[in-house]
Amino acid sequence: MAKQHAPGFLKIVTDAKTRVKECTIDDVRARQAAGETFILVDVREESEFAAGHVPGAVHLGKGVIERDIESKIPDPATPLVLYCGGGFRSALVADTIQKMGYTNVISMDGGWRAWTEKGLPTEK
Numbered sequence: 001m002a003k004q005h006a007p008g009f010l011k012i013v014t015d016a017k018t019r020v021k022e023c024t025i026d027d028v029r030a031r032q033a034a035g036e037t038f039i040l041v042d043v044r045e046e047s048e049f050a051a052g053h054v055p056g057a058v059h060l061g062k063g064v065i066e067r068d069i070e071s072k073i074p075d076p077a078t079p080l081v082l083y084c085g086g087g088f089r090s091a092l093v094a095d096t097i098q099k100m101g102y103t104n105v106i107s108m109d110g111g112w113r114a115w116t117e118k119g120l121p122t123e124k
């Protein structure tokens with residue numbers, strides 16, 4: 001069962017989603033299969049990332065990404081696909097880092113939950 005989110009949280013997510021691009025799990029898999037170059041960024045909490053993540057993903061948690069992204073990913077034109085547990089936090093992060101000047105940012109709708117429900121590869 002999906003987590004029930006508070007109305008205030010859903011309001012800011014809905015607002016952020018008006019300004020960010022989203023993609024599906026299948027879109028990400030197709031880009032990977034085509035050999036496209038992009039950085040997959042897991043924005044979940046450190047404990048969530050440690051418990052399992054998409055192979056090759058880098059961890060920049062929502063709580064610190066604004067502070068750390070410029071040193072970890074200095075080129076604001078770098079193609080980024082962000083994911084979280086279900087696609088809500090990643091939309092918020094995408095909106096925020098776009099305001100910081102990152103221009104090639106996509107939020108993966110469905111996030112980790114959809115990835116694992118499809119039985120796709122994971123790593124710890």
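1 is the number of the first residue of the sequence shown in the UniProt record's numbering; add one for each residue after it. For every residue, glycine included, the Cβ atom is placed at its ideal position computed from N, Cα and C. Remember, predicted model here, so these are calculated numbers, not experimental data.
Asked	Found
Anyone know if the C-beta pair for I106 and C23 falls short of 8 Å?	yes
With 16 as the cutoff for other CB atoms within 10 Å, does A6 come out buried or exposed?	exposed
Compare the C-beta of A57 against all C-beta atoms of chain B and say whether one is closer than 8 Å.	You won't find chain B in this structure, because it holds only one protein chain.
Within the same chain, show all residues whose beta-carbon is closer than 6 Å to that of R31, passing over the 5 residues directly before and after it, in chain order.	none
When we look at the beta-carbon of A57 and count the other beta-carbons within 10 Å, is it buried (16 or more) or exposed?	buried
Taking the beta strand (DSSP E) that I106 falls in, what are its first and last residues?	V105 to M108
Report yes if the C-beta distance between I12 and L82 is below 8 Å; otherwise report no.	no
At what residues does the alpha helix (DSSP H) containing V93 begin and finish?	R89 to K99
What is the DSSP secondary structure of E36, counted as helix, strand or coil?	coil
Would you call the region 13-22 and the region 107-116 in contact, with 3 or more CB pairs under 8 Å?	yes
Using only alpha-carbon positions, find the residue among P121, D42 and P74 that is nearest to C84.	D42
So, are the CB atoms of T122 and G52 less than 8 Å apart?	yes
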